[in-house]
Amino acid sequence: MGTLLYSATMSLDGFIAGPGGDMSWLKPYIGPNPEVAELITGIGALLVGRRSFEGDDPNRGTEAEGKAFGGGWEGPQFVLSHRPPAADVPGVRFVSDLAQAVTEAKAAAGEKAVNVIGATVARGCLDAGLLDEVAVFVAPVLLGGGVRLFDRPDGPSVRLERISHSAAPLATNLRYRVLY
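Heads up, the numbering used here is the position in the sequence shown plus 12, with the first residue counted as 1.
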């Protein structure tokens, strides 16, 4: 099976969303990035937190709104939630147990990666020893507050092994393997 990968664009001061989950800050930093394009082609399924699934969209008001990676990816999505919606959402399965959600997403992804979207789900995967890799695209901006990439007060340190790093016009790309 493929890897469990957490990817996010992050401000230089460590935030992936602004205060209140605002994603509009990201708009000026969405642009050509070969690392992101390569990452997208390697994704077989998404594992998404409920707040991220229902949250703000940097593509709000465009035809890319509500589409994964701005419409650059399509496939099965697994949303971790204890409150599934009343109506089914096409292509989306709501799962309440983290281990079950990871197992189902990995089965759906086959040899490709499961991309984790959402800081809380990523932290849960890390704490459970399930997360394989982290890809961070650092944008040249200081947000000053919001949702951190990883917020683990008093959590144990986790060693990472660098897989790659590169520069793109709008971000610095970092990719790490998680060492448990």
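Every residue gets a Cβ at the ideal spot worked out from N, C-alpha and C, and that includes glycine.
Reduced DSSP secondary structure (H/G/I, E/B, other) of residue i
{"i": "Thr21", "result": "strand"}
{"i": "Arg95", "result": "coil"}
{"i": "Gly61", "result": "strand"}
{"i": "Arg135", "result": "helix"}
{"i": "Ile55", "result": "strand"}
{"i": "Tyr192", "result": "coil"}
{"i": "Phe81", "result": "helix"}
{"i": "Ser178", "result": "strand"}
{"i": "Ala113", "result": "helix"}
{"i": "Ala183", "result": "strand"}
Buried versus exposed call for residue i [16 or more other C-beta atoms within 10 Å across all chains shown]
{"i": "Ser36", "result": "exposed"}
{"i": "Pro168", "result": "exposed"}
{"i": "Gly56", "result": "buried"}
{"i": "Tyr188", "result": "buried"}
{"i": "Leu51", "result": "buried"}
{"i": "Gln112", "result": "exposed"}
From the options, residue whose alpha carbon lies closest to that of residue i
{"i": "Phe81", "options": "Val128, Pro181, Leu186 and Leu24", "result": "Val128"}
{"i": "Ala49", "options": "Arg164, Arg135, Val104 and Ala147", "result": "Ala147"}
On the three-pair Cβ rule with 8 Å, is the region 83-93 touching the region 54-70? Verdict: yes, contact present.
Meets three-Cβ-pair contact criterion under 8 Å: the region 25-36 and the region 63-83: Below 8 Å, enough C-beta pairs join the region 25-36 and the region 63-83 to call them touching: three or more.
Counting pairs of beta carbons, one from the region 147-158 and one from the region 20-32, are three or more of them closer than 8 Å? The region 147-158 is in contact with the region 20-32.
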